[in-house]
Amino acid sequence: MGLLSKKDAKLITDPLTDNNPITIQVLGICSALAITAELKASIVMSISVLFVLGLGNVVISLMRNIIPSKIRIIVQLIVVATLVIIVDLVLKAFAYELSKTLSVFVGLIITNCIIMGRFEAFALGNGPWKSFLDGIGNALGYGVILIIVGFFRELLGSGTLLGFPVLGDPIGSPETGPTGLYGLGYENNGFMLLSPMALIVVGIIIWVQRSRNKALIEEN
Amino acid sequence: MEHVELFFKSIFIDNMVFATFLGMCSYLAVSKKVATAVGLGAAVIFVLAVTVPLNWLLDQYILQEGALAWLGPEYAEYDLSFLSFIMFIATIATMVQLVEIIVEKFSPSLYNSLGIFLPLIAVNCAILGGSLFMQSREIATLGLATTYGIGSGIGWFLAILAIAAIREKIRYSSVPPALRGLGITFIITGLMAIGFMSFGGMLTGGDEETKEDKTEVVSTNKTEEVKEVVKEDEEKIADNIKEIEK
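First to last, the sequence lines map onto chains A and B.
Position 143, counted from 1, in the first sequence is what the working numbering calls 143; the numbers after and before it change by one each time, with no gaps.
Position 152, counted from 1, in the second sequence is what the working numbering calls 152; the numbers after and before it change by one each time, with no gaps.
Here it is as structure tokens:
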């Protein structure tokens, strides 16, 4: 893409690995853990955050010179709250079942630390195009982690991906009995669907990431 | 009786950190020392105890469908619930500003040690989450809303106190380098969450109803399907045993 200079492209790729909002910046953890029992919910949540962060970054960046410093948190909260209300209404209109699964966590995008964090750290000091790229990059970094966690939790927890049974049929018809991997005696690990496993999966992702990049290891 | 039940339920069973993962960012960031963790926990209890009832009043008399009926019968059809997010956040931001002023006046050392995290309570998911859960679970009275707020706060306080204490001790253990700091904290929190799940049958005697209430928020119908499959397997095993015994 001729539009993106090298530095701009870095704004998108950095948060995907080295400056990942969840595993390195430690932001946005709450929603990353609670809704990842289904891959579909993870994908929809990532898209919602992409929308809110991208647009929000642009709006705040456009207003950055006229926001008085003392009330900037309130202005940021209003911008985010408005965008999230839009997302919530769209979800309720077009994907009602999913909005029930996500329940309050769509509203909690408002307090998602990634969004406020990027507003403060980037959008308030940079131009709209760069802020847009930064927003997209961080939302993608967040989305990557969500999708990995959602993938493993749904696959190991219910043996399906996006609702499609991929490991076979656990009950099967009365003639054939269980099919696929279940026929060999494999059982779904129902525990993966419960909340604590999300924490442990993210812990393992952090472990893998820091083993590969020694510079990220904390001293103590 | 309802109050006591809701109180213990919100501390142990619906614990804000271990069951619904609210407030994780400040939970992870402030838990390096027990002293700061206690200070932040106390601030969270106070803010929750004040904002949940306030937001309940807002929801009851302004935001809910039909709530504006006290203004006049022509307003009875208005449903302002789409404004909930903005109104809740506004009350929370105001209350946090108030707490900040009070803490600065009465305990400057605590104010200094909390630093940026005190104003950050305003965007702590736990606070907004408390109000949103209060709204989605349709808590019935003001007293119950207050109990819920205080209980949730105490639950969060317990969680951050526990992880801070453990993190202080873990400095003397040999944690693999790549897990040090954030990684091991995640895994320990996961193990603590598993431990807290043992409270699940506490108040209801293992009633299926409460389990559904909890899983509705966090997971999906899949857990119920899984439970049914497990039950069927148990029945098959019981049948097999009976046959063998014959």
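Ideal Cβ placement from N, Cα and C applies to all residues, glycine included.
For A/Leu155, the three-state secondary structure derived from DSSP is helix. A/Asp18 carries a coil assignment under DSSP once its states are collapsed to helix, strand and coil.
Out of B/Ala193, B/Gly201, B/Gly200, the CA that lies nearest to the CA of B/Leu22 is found in B/Ala193.
Between the alpha carbons of A/Ser103 and A/Lys92 lies a gap of roughly 10 angstroms.
Interface flag for B/Thr189 against chain A is set, since a Cβ pair is found closer than 8 angstroms. Within 7 angstroms of the CB of A/Ser211, the CB atoms of chain B belong to Ala178, in sequence order along the chain. Per the DSSP secondary-structure output, A/Thr160 pairs in a beta bridge with A/Pro165. Per DSSP, the unbroken alpha helix (DSSP H) holding B/Phe88 starts and ends at 84-106.
Between the alpha carbons of B/Ile187 and B/Ser173 lies a distance of about 15 angstroms.
Within its own chain, the residues whose Cβ lies closer than 7 angstroms to the Cβ of A/Val201, once the five positions on either side in sequence are excluded, are Val149, Phe152, Arg153, listed in chain order. Not a single C-beta of chain A is nearer than 8 angstroms to the C-beta of B/Asn15.
A/Ile67 and A/Val75 do touch by the CB rule: their CB atoms are close to 5 angstroms apart, below 8 angstroms.
Looking at A/Ile114, A/Gly127, A/Ile73, the one whose alpha-carbon comes closest to that of A/Gln25 is A/Ile114. Nearest neighbour of B/Arg180 by Cα position, chosen from A/Gly168, A/Gly163, A/Ile206, A/Leu98, turns out to be A/Ile206. Residues of chain A whose Cβ lies closer than 8 angstroms to the Cβ of B/Phe46 do not exist, since the nearest Cβ in that chain is about 18 angstroms away.
When DSSP states are grouped into helix, strand and coil, B/Glu65 belongs to the strand group. For A/Ser103, the nearest beta carbon of chain B is closer than 8 angstroms to its own beta carbon. According to DSSP, residue pairing for B/Asp79 in a beta bridge involves B/Glu65. Between the C-alpha atoms of B/Asp14 and A/Lys7 there is a straight-line separation of about 45 angstroms. Legend: CB atoms of the segment 188-201 of chain A lying less than 8 angstroms from CB atoms of chain B belong to residues Asn188, Gly190, Leu193, Leu194, Ser195, Pro196, Met197, Ala198, Leu199, Ile200. At least 8 angstroms separates the CB of A/Leu181 from every CB of chain B. Contact annotation for B/Thr36 against chain A: no contact, minimum CB-CB distance about 16 angstroms [criterion: below 7 angstroms]. In this structure, DSSP gives A/Val26 a state outside helix and strand, which the three-state scheme calls coil. Annotated three-state conformation of A/Asp8 is helix, per DSSP.
Around A/Ile74, the beta-carbon contacts reaching into chain B at under 7 angstroms are Ala93. Under a 10 Å Cβ-count criterion, B/Phe88 is classified as buried, with 16 or more other Cβ atoms of the shown protein chains found around its own Cβ. Contact between the segment 86-100 of chain B and the segment 157-175 of chain B is not established, with fewer than three Cβ pairs separated by less than 8 angstroms.
For a cut-off of 8 angstroms, the C-beta gap from A/Leu108 to B/Leu132 is around 7 angstroms, short enough to register as a contact.
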